[in-house]
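See below for the structure under consideration.
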Amino acid sequence: MRLDELESDRSTEFEPDAADGSTPSEADDIDRTGPLSDLAAAVDERRDAAGDDADPNGIDFDELFDREDAAALDRDRLWERLENDDAPAASPRDEEREIREIETDGYCHQCEHFASPPTVACTREGTDILDMPALDRFRVADCPVVLEDEALEGRE
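By UniProt numbering, the letter at position 22 of the sequence shown is numbered 22, and the numbering carries on one by one without gaps.
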């Protein structure tokens, strides 16, 4: 067998349309057999159901989003509010909280209530990590573990 005969056999072997001389539309009508025949049939059905006016990728973008009217914003008024708005005063609740600065290794990183990375938070209700002033320090509010340790050490 010559090289050109091998190439022609190989091209018809992997191209079913060329092997039997059928056009692509006729090949779509054949019954699919093989390991992924059910998937191929489902794709064919979906393609046929979409019709001619569907997106070539099969995506109808109008169905993906809901259209809603957005109110027009007055940019000048918005910037004026942002520039003139003073920082909100601390709420009375913030003034009542027990806030401490602690070492992260001694408390938070070993605590069961410390959130999974990359989140830096306390999952215990009523306790918050407010700030990270240094890599090894947190400012925490109302942490019962810290308050209990302080009470045991007698340094409130």
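No residue lacks a Cβ here, since even glycine has one placed at the ideal position from N, Cα and C.
Leaving aside the five residues before and after residue i along the sequence, list all residues of the same chain whose C-beta is less than 7 Å from its C-beta, in chain order.
i    : result
E103 : D136 and R137
R121 : This sequence places Ala at residue 121; Arg is not what is there. Excluding sequence neighbours, A121 sits near A115 and I129.
E26  : The predicted position of E26 is uncertain, since its pLDDT is 48 and thus under 50; no value can be drawn from it.
R139 : I99, E101, L130, D131 and P133
Note down the Cα distance separating residue i from residue j, rounded to an integer number of angstroms.
i    : j    : result
R81  : A115 : 36 Å
E148 : E98  : 12 Å
E101 : M132 : 9 Å
E95  : R67  : 44 Å
C108 : V146 : 10 Å
I59  : D74  : 36 Å
G154 : P118 : 34 Å
A40  : D48  : 12 Å
A72  : D62  : 23 Å
S37  : R124 : 52 Å
I'd like the list of long-range same chain contacts for residue i, defined as Cβ closer than 6 Å, with 5 residues on each side in sequence excluded.
i   : result
S22 : Residue placement at S22 is flagged as unreliable, the pLDDT there being 48, under the threshold of 50; a coordinate-derived value is accordingly withheld.
Below 8 Å CB to CB, which residues in the same chain sit around residue i once its five sequence neighbours on both sides are set aside?
i    : result
G152 : One detail in the question is off: residue 152 reads as Leu in this sequence, not Gly. Cβ neighbours of L152 beyond the five flanking positions: none.
T127 : H113, V140, A141, D142, C143 and P144
State buried or exposed for residue i, treating a residue as buried only when at least 16 other CB atoms are found within 10 Å of its CB.
i   : result
T33 : exposed
L64 : exposed
**Prompt:** Can you list, in chain order, the stretches of the alpha helix (DSSP H) that have 4 or more residues and sit fully within the UniProt domain "DUF8135" (100 to 149)?
**Reply:** Entirely contained in the UniProt domain "DUF8135" (100 to 149), not one alpha helix (DSSP H) run reaches 4 residues.
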